[in-house]
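Have a look at the structure below before the remarks.
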Amino acid sequence: MTAGDLGEVLAIESQSFPNPWTRGMFESELRNPVSSAYAVKIYRDNGFVVAAYIIYWIVYGEAHILNIAVHQDFRRQGLATALLDAAIDEMRRLLVYEVFLEVRRSNDAGRALYKGLGFREAFERKNYYGNEDAIVMVKDL
Ligand SMILES: CC(C)(COP(=O)(O)OP(=O)(O)OC[C@H]1O[C@@H](n2cnc3c(N)ncnc32)[C@H](O)[C@@H]1OP(=O)(O)O)[C@@H](O)C(=O)NCCC(=O)NCCS
Numbered sequence: 014m015t016a017g018d019l020g021e022v023l024a025i026e027s028q029s030f031p032n033p034w035t036r037g038m039f040e041s042e043l044r045n046p047v048s049s050a051y052a053v054k055i056y057r058d059n060g061f062v063v064a065a066y067i068i069y070w071i072v073y074g075e076a077h078i079l080n081i082a083v084h085q086d087f088r089r090q091g092l093a094t095a096l097l098d099a100a101i102d103e104m105r106r107l108l109v110y111e112v113f114l115e116v117r118r119s120n121d122a123g124r125a126l127y128k129g130l131g132f133r134e135a136f137e138r139k140n141y142y143g144n145e146d147a148i149v150m151v152k153d154l
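So, in structure tokens, the structure goes:
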């Protein structure tokens, strides 16, 4: 992901989350040395469009997935699975032993996606999203 992708990333972000990240939050991740940010681009209508993105941190053998979203036009085609598989490959290469993330309790799509990739529901963070709990999901690598 580069600064030039952020217009399209923000459009996907706002169609994907009730409390979308701001431009400043994405910019701060692009500057953060522990952060990895990747965008998938797909050729459509004579040009490449951002179809999905992922942001995660790797800190001392632990990885934290902060954000992942897929453009509505490109969902249920395996893109999130492919992005997470690629991220997990890179984490293993960097000797990460555990990856975790938070997901809204009501996010059935997200919970099913992560379960399918071998994440387990470890514990909850009460009111993590203000009005809703987070389920913390963990995968040992
Ligand atoms: C969750 C999200 C990232 C999934 O992306 P995607 O590219 O459509 O996911 P995939 O095609 O790789 O789906 C993999 C599996 O996840 C599950 N899944 C994905 N979307 C689902 C849905 N709407 N309902 C139920 N299960 C779903 C299914 O088990 C699916 O496997 P299947 O298609 O063989 O049944 C996408 O719906 C999205 O961007 N949602 C809004 C943002 C979000 O919730 N991000 C996660 C926050 S923690």
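Offset between the sequence shown (1-based) and this note's numbering: plus 13. Cβ atoms here follow ideal geometry from the backbone N, Cα and C, with glycine treated the same way.
Inset, instruction - Output the distance between the C-alpha atoms of T94 and I81, rounded to the nearest integer angstrom. - result: Position 81 of the sequence shown, counted from the start, is the residue given in the question as residue 94. Position 68 of the sequence shown, counted from the start, is the residue given in the question as residue 81. Roughly 10 Å separates the two Cα atoms.
Inset, instruction - Using a threshold of 9 Å, state whether the C-beta atoms of L79 and L126 are closer than that. - result: As a first step, residue 79 is located in the sequence shown; it is residue number 66 there, counting from the start. As a first step, residue 126 is located in the sequence shown; it is residue number 113 there, counting from the start. Result no, Cβ atoms of L79 and L126 do not sit closer than 9 Å.
Legend entry - Among V53, P31, D102, G20, the one whose alpha carbon lies nearest that of E40: Mapped onto the sequence shown, residue 40 falls at position 27. Out of V53, P31, D102, G20, G20 has the C-alpha closest to the C-alpha of E40.
Legend entry - Pair within 9 Å by beta-carbon distance, K152 and E111: For the purposes of this step, residue 152 is taken as residue 139 along the sequence shown, with counting starting at 1. For the purposes of this step, residue 111 is taken as residue 98 along the sequence shown, with counting starting at 1. Cβ distance < 9 Å, so K152 and E111 count as in contact.
Inset, instruction - For V72, count neighbouring Cβ atoms within 10 angstroms of its own Cβ and tell me buried if that reaches 16, exposed if not. - result: By 1-based counting over the sequence shown, the position of residue 72 is 59. With fewer than 16 other Cβ atoms within 10 Å, it is exposed.
Inset, instruction - Using 8 Å as the cut-off, classify the Cβ of V83 as near or not near the heavy atoms of ligand 2, replying yes or no. - result: Of the ligands one can find in the structure shown, namely ligand 1, none is ligand 2.
Legend entry - Proximity test, D146 beta-carbon vs ligand 1 heavy atom, cut-off 8 Å: Sequence index remark: in the sequence shown, residue 146 carries index 133 (1-based). Not so, every heavy atom of ligand 1 lies at least 8 Å from the Cβ.
Legend entry - At least three beta-carbon pairs within less than 8 Å, the segment 60-68 to the segment 118-132: no
Legend entry - DSSP state of D153 mapped onto helix, strand, coil: The residue given as residue 153 occupies position 140 in the sequence shown. It is a strand residue.
Legend entry - Close beta carbons around R13, own chain, < 6 Å, minus the five adjacent residues each side: Here the chain has residues from 14 to 154 only, and residue 13 is not among them.
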